[in-house]
Amino acid sequence: TPPGQATYAGWAGLRFANIAVTDLEHRFGESCMMLRVQDGAAAEHGLDPWMEGLASFFSDRSMIAGIGGAWGASSFIDFRHLRTWQPVTCVTLSELFLTYEIQQLDAFIVDAEGYDARILNQLDLDRWRPVLIVIEVVSVKDEELEAVVARLCAQGYAVVTDHMDLLALE
């Protein structure tokens with residue numbers, strides 16, 4: 105069982121997809137390039153094990169770039185040479201929902217290392233209307249965050265953010 109799936113062992117009804125959600129701007133056919141930590145680098149170089157799970161479409165923002173975050177981003181700066189670009193299967197949010205036959209969203213939670221606003225922007229709030237929306241915003245650009253807050257407020261959500269995460273309640 106892959107590590108992420110082991111965390112949820114025993115939970116009924118969960119399905120796992122080894123794909124990245126992207127918009128069409130970063131998609132090339134059916135694959136995209138993501139920046140990730142090389143296999144084995146965490147153990148070999150004394151990094152916290154969770155750092156090996158980092159991946160992002162961005163090399164200029166996010167924890168993997170050594171920018172943002174309260175838990176070790178600055179310490180990651182010295183390990184940038186341990187990063188590599190890797191092709192991954194990519195889909196849009198709509199394609200994900202169609203493929204997995206999603207019928208309802210009660211909560212929408214995203215932690216995508218700087219890509220969070222772009223994923224949320226794909227969510228049709230009139231169609232899905234989740235009661236709870238949570239996205240990590242520490243690596244989201246200020247203008248993207250402002251646009252997300254304005255959009256959610258215009259849709260009737262109460263929004264709070266501590267510039268690490270954003271929480272929106274219907």
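Each residue of the sequence shown is one higher than the one before, counting from 105 in the numbering used here. Here a beta-carbon is modelled for each residue, glycine too, at the ideal position from N, C-alpha and C. These figures come from a predicted structure and were not determined experimentally.
Option in the options with minimal Cα separation from residue i
i: L256; options: H267, V244, A221 and M268; result: A221
i: S243; options: S166, D152 and C194; result: S166
i: T188; options: I123, F162, V263 and V238; result: F162
i: L210; options: P234, L224 and E156; result: A small fix is needed here, since residue 210 is Asp in this sequence, not Leu. Of P234, L224 and E156, the residue nearest in Cα terms is P234.
i: A258; options: A272, C136, R184 and E247; result: A272
i: Q208; options: T193, F120 and W232; result: W232
i: E248; options: L224, D230, V192 and H185; result: L224
i: V195; options: L128, Q142 and D246; result: L128
i: M137; options: L202, I123, M155 and E250; result: I123
i: A121; options: G218, D230, G150 and L202; result: L202
i: D230; options: E274, E156, A116 and H185; result: E274
Exposure label - residue i; buried when at least 16 CB within 10 Å
i: L227; result: buried
i: Y204; result: exposed
i: A216; result: buried
i: L197; result: buried
i: A147; result: exposed
i: M268; result: exposed
i: R140; result: buried
i: Y112; result: exposed
i: I206; result: exposed
i: V125; result: buried
i: G260; result: exposed
i: L186; result: buried
i: W175; result: Residue confidence for W175 is low, a pLDDT of 47 falling below 50, so the modelled location carries little weight and cannot support an answer.
i: E250; result: exposed
Per DSSP, the bridge partner or partners of residue i
i: W189; result: L139
i: C194; result: A124
i: T265; result: L270
i: S160; result: L139
Contained beta strand (DSSP E) runs [length at least 3] in the segment 196 to 246, N- to C-terminal order: You should have 211 to 214 and 236 to 240.
The segment 141 to 161 / the segment 233 to 242 touching (three or more Cβ pairs under 8 angstroms): no
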